[in-house]
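Okay, structure first, notes after.
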Amino acid sequence: MSLALDLLALLVMPVVIVGTINRVKARWAGRIGPPIFQLAFDLVRLARKTPVYSSVTTQVFRIGPVVVLVTAIASASIVPLAGTESLLSFSFDFVWFAYLWSLGRVALMLAALDTGSSFEGMGASREATFATLLEPILFLVAGALCLHADVSTFQAALVPRLDDPSSVLMWVAAIGALMIVIQVEAARMPVDDPTTHLELTMVHEVMILDHSGPELAMLQLGAAIKLYVAISVVAMLINPLAGQATLIAAIAHVAICLVIAIVLGMVESLIARLKLRVVPQYIVIGLVAAGAALLSMLGRTGHS
Amino acid sequence: MAHSLQFPPPATMAGSGLFLASIPVLLIGVALAAGLRTNRARGLAALSSQAVAMILVIASLVPVLLGDGPLEVIWAWPAPIERIAFRVDALGAFFLVWSLPMTFLGTLYSLGYLQPYFDHGRNGGPHFALLNMTSLSFVLIYSVQNALVFLLGWEIAAVAAWLMVIWDYRNQKIRFAGFNYLVSTHVGLFVLVAAFMLLHSYTGSMDFADFGRYLASHPQGQGTLFLLLGISFALKSAFFPFHTWLPRAHSAAPAHVSALMSGVIHKAGLFGFLRFTLLSGQPEAWMGWAVLIFGAASAIFGVLYTATQRDLKRMLGYSSTENVGIAAMAFGVGMLGWAWSEAPLAMLGFGGGLLHILNHALFKCSLFYAAGAIYRATHTIDLERLGGLAKRLPRTAVIFLVGGLAMCALPPFNGFVGEYLVYSALLSRSAPTVEADVVLVCAAAVLAFVGAVGALSVTRAFGLTFLGSPRDPTVRVGEDAPRTMLVPMAVHSVGIVVLGLFPTAALAIIEPVLAELPIASSGPSLGDTLGPVVWACRGLALVLGVAMVVAWRRRAKARESVTWGCGYTAGTARMQYTGSSFSAQFSSLFRPAMPVHTREHLPSEPFPRHASSVSTHHVDAVEQRMFEVIGQGEAFVRDTSSRIPEQPRFAFAAGLLALVIVALVAIGDVL
């Protein structure tokens, strides 16, 4: 059953999450906003279009979106998407998870550089720079959670364990760090503005300026899946029923995901994006939080 | 010369004979390469002798790798050496099995790479002879048990590498780079000689077996020797902060020499380290920590410098420092596991490190070969002048991309499986204290950082070289690599893919080495640890392959247009993003570790009449500091000597007298 739930969540939830965030932003702006499933309509429309390729580009440009989408789906198989069980789980699967994201990122950056556009080079440079600070966060948090729970798979580590004050500290710090990971990885405010109109200030959006038609659809779907996967990770940590193979756990998971999406939408409506040179410092806050999560392990005697 | 040969166990006699026969074969190749008339014949002589030697050595090593015990031969020799023991155990066999074939492929590559020089009448004989000598030095270093002969092999490798680096000796910069390398490698040699002399004075023997018995029984003497040997091997393998010679030498040398130095020759330092770790028996925990931290420092600084280099081969050179650092981190964890008697941790650490060494040899050679192909075609490896080469050199582009992705440890290539083992060791939660576990998780985060910066550097290098439009119209692009260069490149690329999807092939030569660790191995084997992730890699490779084919076949329907210039319609190739701008934000985050020299001529008036310019130059912090200190030393000597009065006799006499007294006191102390 959990397999079917995972697949269902993979199909539906990325679209719903993006729709929810956009709906919340529209409400704050006093508009009704697009339908929840708008992304799905957009994807279908884009997939039917004829792509336009720049004459500068090579095969790298065409392969990039494929790799982005495949790695996003592959990384989704490591995380329990419906709050119950993940499709795949093995020791230190979060290493695999992090490197899948890294592969997708490199493919996207290379596709951007392939156009020879200085704007897209700028976006790739920013993405690469932020990623160097982001990767350690993921490993520190995952390492701390695994150490705390004495497990070695991502899904087993992603369960709230609040038995003493130091665990609470770790829990709070880990969730804080992961929220920053979501904002950077999924290109949300205050790190990146997905709806900005100025190429000079974009990170993720500028890298896909030249993509069109089916390629653009693949990139947008990949980004939505990554966003949902990242939200799922945080939701697992919050969900008290996480890891149980019951329908209630799954419903609770989806509800928490939607709440996180609403929170993200509110953050985006109320906060302006950070200046680009301040973004690394913002990510360092996440690094510090992740370090705090790990350090809260000190002082505990022996493995719990 | 040789008085008698003793082959202790008759069963391995044939094997030992085959093994030793490779030495005269290689020497005959040297003689032929130096003596024949045409470059083609010289190259073929070197190639065929290396091929024969390679087959002999590998054939003789098969029983060692199958677990039938080491090959042993004792060669009686006139004084002062008396006897030379050859003993190829699984560790030596592991290094020999890929070092010799890779040197062979490098020699093959050199035939194509040096062809333009040959066309101008250059004699390639000495170069081919030196490549043979390099193979010979491997046969000696990885097998011999006698310190003097080991030093001989070490020195052959060093001098041969130096002479090969200065192939283009008419260029003063290249001579300087070669000299820099020569001095550094000999500083390392002196330290190694000091360590061996200490051991000789303790044991009265030059035999490694005696060294081992002494080290195992005198743990209190290990500290000094650990430091001396560690520094020497670190210089050989170009660990931070002993790496300054490396980027210069790698950018100056012909591509195949850089490849062999970085991928193969300098692995001898790590071999020496492992050899003495195995000889000294169970280490103490501090040694493991020291190696881990030292390795982490190398990995971090090495990878930071890859992000800002303009010169493609310099960037690859710094990446060698990074990768030996990663291997050392793995060995550090392995030593910790051994010190704590945690067999699975020791296996993961040493196994991961060995696999990473092999992986690095594969992808680094292929990257240097691809850089050589770029140089052959364009006569430059300056990132800021290249661009758009993927259309002109498609084969080289694919090979560089595969090597580059492996270098930043991305799945499904071989770099990933090696680092996955290292991660498994670091995250295994098997340390005796929570504090130690926390530090190991931090080391895993360091490795993740190194991987992410590596991804930045590879994206930058590949993106600027092969993608976009050509940046400099004065760069003329010639032909893609000829077949002699392409075959070695392709073989390495295939190795990268095969080891990424089927790492058991590499584990077959690594597991015999781990069996030599005197620590009971329990728990899952390396193959079992890698099992699920390897299946995941295969699945990913399959899906990616199918998806790419589908995407490929759809392209017929596409329309073509220009790159969107964000409303600006007069874009030129010069307006593309450059290498320095790509890494500008990143390097500004790590400015204290990555100093930059900026020369700028900014406009000052509302209507500037002169052209303005900005140029930035990223320098090596360690080298800068080193030159500063040397400069201060020179200034000190100059000041002091200028203070010696016009009539220096009295001053010198007094100085000499003081020296004699000091020397006498010192000698009296010793006696």
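Chains E and A, in that order, are what the protein sequence lines are.
Be aware that the first sequence starts at 60, since it is given in this note's numbering, and climbs by one per residue.
Be aware that the second sequence starts at 212, since it is given in this note's numbering, and climbs by one per residue.
For every residue, glycine included, the Cβ atom is placed at its ideal position computed from N, Cα and C.
Going straight from the alpha carbon of residue i to that of residue j, what length do you get?
i                 : j                 : result
Gly562 of chain A : Val633 of chain A : 8 Å
Ser161 of chain E : Ala666 of chain A : 8 Å
Pro221 of chain A : Asn625 of chain A : Summary for Pro221 of chain A: the model assigns pLDDT 48, below 50, so the residue's position carries little reliability; its value from the coordinates is reported in the next sentence. Computed Cα separation, rounded: 39 Å.
Ala244 of chain A : Pro235 of chain A : 14 Å
Leu559 of chain A : Phe297 of chain A : 29 Å
Val760 of chain A : Arg121 of chain E : 11 Å
Glu722 of chain A : Leu403 of chain A : 29 Å
Pro299 of chain E : Trp497 of chain A : 42 Å
Leu221 of chain E : Ser148 of chain E : 24 Å
Gly848 of chain A : Glu839 of chain A : Gly is not the amino acid found at residue 848 of chain A; the sequence shown has Val there. Val848 of chain A and Glu839 of chain A: Cα-Cα distance of roughly 14 Å.
Glu244 of chain E : Arg521 of chain A : 29 Å
Thr255 of chain E : Asn81 of chain E  : 14 Å
Val394 of chain A : Ile841 of chain A : 14 Å
Gly528 of chain A : Ile878 of chain A : 45 Å
Ala427 of chain A : Leu490 of chain A : 7 Å
Ser363 of chain E : Ile310 of chain E : Unreliable positioning characterises Ser363 of chain E in this predicted model, as indicated by a pLDDT of 41, which lies under 50. A coordinate reading is not provided.
Check each candidate in the options and name the one with the smallest Cα separation from residue i.
i                 : options                                : result
Phe153 of chain E : E:Val288, E:Met229, E:Ile319           : E:Val288
Phe741 of chain A : A:Met786, A:Ser853, A:Ala716           : Note that residue 741 of chain A corresponds to Leu in the displayed sequence, not to Phe. When only C-alpha atoms are compared, the closest one is A:Ala716.
Val262 of chain E : E:Ser113, E:Ser61, E:Ala171            : E:Ala171
Asn391 of chain A : A:Met546, A:Arg849, A:Glu834           : A:Glu834
Leu342 of chain A : A:Gly738, A:Val652, A:Leu255, A:Gly583 : A:Leu255
Gly499 of chain A : A:Glu283, A:Ser552, A:Arg587           : A:Ser552
Ile610 of chain A : A:Leu359, A:Leu573, A:Arg386, A:Asn357 : A:Leu573
His429 of chain A : A:Thr414, A:Asp850, A:Ser443, A:Leu439 : A:Thr414
His808 of chain A : A:Ala264, A:Val830, A:Ser348, A:Val268 : A:Val830
Ile330 of chain E : E:Ala88, E:Ser61, E:Asp65              : E:Ala88
Ala351 of chain E : E:Met277, E:His270, E:Ala236           : E:Ala236
Cys33 of chain E  : A:Leu813, A:Val745, A:Val702, A:Asp648 : In the structure as shown, chain E starts at 60 and stops at 363, and residue 33 of chain E therefore has no counterpart that could be examined.
What distance in whole Å lies between the Cβ atoms of residue j and residue i, which are believed to be in contact at a cut-off of 8 Å?
i                 : j                 : result
Phe305 of chain A : Leu565 of chain A : 6 Å
Ser177 of chain E : Tyr788 of chain A : 5 Å
Pro693 of chain A : Gly332 of chain A : The pair is not a contact, with the Cβ atoms about 19 Å apart (cut-off 8 Å).
Gly182 of chain E : Val115 of chain E : So it is not a contact: roughly 16 Å between Cβ atoms.
Trp365 of chain A : Leu400 of chain A : 7 Å
Ala283 of chain E : Pro73 of chain E  : 4 Å
Ala257 of chain A : Gly246 of chain A : With a Cβ gap of about 12 Å, Ala257 of chain A and Gly246 of chain A do not count as contacting.
Ala262 of chain A : Phe512 of chain A : 39 Å between Cβ atoms; not a contact.
Leu503 of chain A : Gly543 of chain A : 3 Å
Pick helix, strand or coil for residue i, following the three-state DSSP scheme.
i                 : result
His362 of chain E : Its pLDDT being 45, under 50, His362 of chain E is placed unreliably by the model, and the measurement read from it follows with that caveat. Here His362 of chain E sits in coil by DSSP.
Asp152 of chain E : helix
Phe512 of chain A : helix
Tyr631 of chain A : helix
Ala296 of chain A : strand
Val773 of chain A : coil
Ser364 of chain E : Not covered by the structure: residue 364 of chain E. The range shown for chain E is 60 to 363.
Ile285 of chain A : strand
Ser826 of chain A : strand
Ser531 of chain A : helix
Glu182 of chain A : Residue 182 of chain A lies beyond the range of chain A shown here (212 to 882); nothing can be said about it.
Gly78 of chain E  : helix
Tyr380 of chain A : coil
Val686 of chain A : coil
Asp593 of chain A : strand
Asp648 of chain A : helix
Ser355 of chain E : coil
Ser113 of chain E : strand
Asp252 of chain E : coil
Gln493 of chain A : coil
DSSP has residue i in a bridge; who is on the other side?
i                 : result
Asn357 of chain A : A:Asp418
Asp330 of chain A : BP columns for Asp330 of chain A are empty, so no partner.
Ser328 of chain E : Bridge partners of Ser328 of chain E: none, in fact.
Asp691 of chain A : According to DSSP, Asp691 of chain A bridges with nothing at all.
Asp522 of chain A : A:Asp593
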